[in-house]
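Asks:
In the working numbering, the protein residues as written are 13 to 235.
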């Protein structure tokens, strides 16, 4: 699995375009498995079944982007590490184990920083008590994954005030910083990638955006 870091201020629409092109290339076996890591600008994204009337509160100037992943409404922005695995699953029944592998990697990453986080059997993501530390929302098309996870390192939690996060009224959000942990983004990324390699059972190799045909203005098909 090639791990590609795409930067610290990536617009959501640009990263979405990259994912779509890379997913097509992966489906055609033009590239190997890839995982993109990055930090987005401030944005709300709404999954296929999002209830915007109920869960978008209209109290923020942050733009809303509809997307083709599962899940409801969530937030991305500075201080949050996002990982987008573009992988071919072994079979159609591997979706739930795949989600569990993403959750397990987030749990192990939190533990590296002394935080006791856990998945919830009734809700996706990774939680510290009743507050979500990492959100997960994926798409699988022809056994190829896209979208992925968002791990809160030190975002402005006030930006969640314009939505009902993930459509879960009464549930909170948290971050390593809110839990008293000062963690450099690059170190969280390093540890998360290590754990994703373990939980997905894929060796991780660092690569540049150019190695998978990415540029700052979009993606091109690999040679």
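Ideal placement from N, C-alpha and C gives every residue a C-beta, glycine not left out. Being a predicted model, the structure only gives us computed values, none of them experimental.
Between residue 88 and residue 49, how many whole angstroms is the CB-CB distance? I'm expecting something under 8 Å.
Replies: As a working mapping, residue 88 is identified with position 76 in the chain shown. As a working mapping, residue 49 is identified with position 37 in the chain shown. 13 Å between Cβ atoms; not a contact.
Asks: List the endpoints of the continuous alpha helix (DSSP H) containing residue 206.
Replies: As a working note, residue 206 is residue 194 in the chain shown. Its alpha helix (DSSP H) spans residues 197 to 211.
Asks: Please report the distance separating the alpha-carbon of residue 21 from that of residue 126.
Replies: Translated into the one-based positions of the chain shown, residue 21 becomes position 9. Translated into the one-based positions of the chain shown, residue 126 becomes position 114. If I take the Cα positions, the gap works out to 28 Å.
Asks: Buried or exposed: which applies to residue 194, given that a residue is buried once 16 or more other Cβ atoms fall within 10 Å of its Cβ?
Replies: In the chain shown, counting from the first residue as 1, residue 194 sits at position 182. Counting Cβ neighbours within 10 Å, residue 194 comes out exposed, since fewer than 16 surround it.
Asks: Go to residue 158, then tell me how far its beta strand (DSSP E) extends in each direction, as first and last residue.
Replies: Counted from its first residue, the chain shown places residue 158 at position 146. Note, residue 158: beta strand (DSSP E), 156 to 164.
Asks: If you draw a straight line from the alpha carbon of residue 196 to that of residue 44, how long is it in whole angstroms?
Replies: Sequence index remark: in the chain shown, residue 196 carries index 184 (1-based). Sequence index remark: in the chain shown, residue 44 carries index 32 (1-based). Roughly 29 Å between the two C-alpha positions.
Asks: Could you say which of 23, 14, 19, 33 lies nearest to residue 158 if we only look at CA atoms?
Replies: Within the chain shown, the letter at position 146 stands for residue 158. Closest by alpha carbon: 33.
Asks: Let me know the secondary structure DSSP gives residue 215 once reduced to three states.
Replies: Taking the first residue of the chain shown as 1, we reach residue 215 at position 203. DSSP places residue 215 in coil when its eight states are reduced to three.
Asks: Hey, out of 136, 189, 38, 58, whose CA is closest to residue 74's CA?
Replies: Here residue 74 is taken as the residue at index 62 of the chain shown, counted from 1. Minimum Cα distance to residue 74 is reached at 58.
Asks: Are the CB atoms of residue 56 and residue 175 within a distance shorter than 8 Å?
Replies: For the purposes of this step, residue 175 is taken as residue 163 along the chain shown, with counting starting at 1. For the purposes of this step, residue 56 is taken as residue 44 along the chain shown, with counting starting at 1. Their beta carbons are under 8 Å apart, which means residue 175 touches residue 56 by this criterion.
Asks: Are residue 201 and residue 93 close, meaning C-beta to C-beta below 8 Å?
Replies: Numbered from 1 along the chain shown, position 189 holds the residue referred to as residue 201. Numbered from 1 along the chain shown, position 81 holds the residue referred to as residue 93. Contact: yes.
Asks: For residue 77 versus residue 25, is the C-beta spacing smaller than 8 Å?
Replies: Translated into positions along the chain shown, residue 77 becomes position 65. Translated into positions along the chain shown, residue 25 becomes position 13. In contact: residue 77 and residue 25 (Cβ atoms closer than 8 Å).
Asks: Count the other CB atoms within 10 Å of the CB of residue 62; is the residue buried (16 or more) or exposed (fewer)?
Replies: Taking the first residue of the chain shown as position 1, residue 62 is located at position 50. Answer is buried; the Cβ neighbour count reaches 16.
Asks: Does the Cβ-Cβ distance between residue 117 and residue 186 come in under 8 Å?
Replies: What you label residue 117 is simply residue 105 of the chain shown in a count that begins at 1. What you label residue 186 is simply residue 174 of the chain shown in a count that begins at 1. Against a cut-off of 8 Å, the Cβ pair of residue 186 and residue 117 comes out as no contact.
Asks: By DSSP, does residue 153 sit in helix, in strand, or in coil?
Replies: Walking along the chain shown from the start, residue 153 turns up at place 141. Strand at residue 153.
Asks: Are there 16 or more other CB atoms within 10 angstroms of the CB of residue 115, so buried, or fewer, so exposed?
Replies: Counting from 1 along the chain shown, the entry for residue 115 is found at position 103. Buried.
Asks: Below 8 Å between beta carbons: does that hold for residue 165 and residue 189?
Replies: Position 153 of the chain shown, counting from 1, holds the residue named residue 165. Position 177 of the chain shown, counting from 1, holds the residue named residue 189. The answer is yes: Cβ separation under 8 Å.
Asks: Is it buried or exposed for residue 235, if we count other Cβ within 10 angstroms and need 16 for buried?
Replies: Indexing the chain shown from 1 puts residue 235 at position 223. With a pLDDT of only 42 at residue 235, under the threshold of 50, the placement of this residue in the model should not be trusted, and no figure is reported.
Asks: In the DSSP output, what is residue 50 paired with across the bridge?
Replies: Your numbering for residue 50 matches position 38 in the chain shown. In DSSP, residue 50 forms a bridge with 94.
Asks: Suppose the cutoff is 8 Å on Cβ atoms and the five residues either side in sequence are ignored; what does the same chain contact list for residue 223 look like?
Replies: Numbered from 1 along the chain shown, position 211 holds the residue referred to as residue 223. Correct list, in chain order: 14, 16.
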